[in-house]
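Going by UniProt numbering, the first residue of the sequence shown is number 1, and it counts up by one from there. Just so you know, even glycine gets a beta-carbon here, dropped at the ideal spot from N, CA and C.
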Amino acid sequence: MKKKVPLRKCILTNEMHPKKDLLRIVVTKEGEVSVDPTGKKNGRGSYVVKNLETVEKARKGRKLEGRLGFDSETLSPVYDEIIRLIYREDIPKR
């Protein structure tokens, strides 16, 4: 019997993707935002597709700011971390 693949919706593209193809962004009760590569941190999780083009477009269009309700200054390190993790994952594939 095939195992069911968990799907999550990307908050940038509004498309459903397998959970392993996404990065989780967490907003804690204290109002802190961070990237959660493990998927286990406490807080409200949102998912972003692991696609550099999509993330760069979202940064220019301030999509995360609108979805999460934070300013650009707060989310700039989050964008940087997302991009860093995407690059890190791409290296072994080449």
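In three-state DSSP terms, what is I83? helix
Cβ distance (whole Å) where L22 is taken to contact V5 below 8 Å: Not a contact, Cβ separation roughly 12 Å.
Beta carbon of S52 nearer than 7 Å to that of L64: Looking at the sequence shown, residue 52 is not Ser but Leu. Contact: no.
Among all the DSSP beta bridges, which residues are the ones paired with I91? DSSP, once it has assigned bridges, lists no residue as partnering I91.
Quick check: the Cα distance between D80 and R62, rounded to an integer number of angstroms? 14 Å
Taking C-beta to C-beta, are L7 and M1 nearer than 7 Å? no
Please classify G45: does DSSP put it in a helix, a strand, or coil? strand
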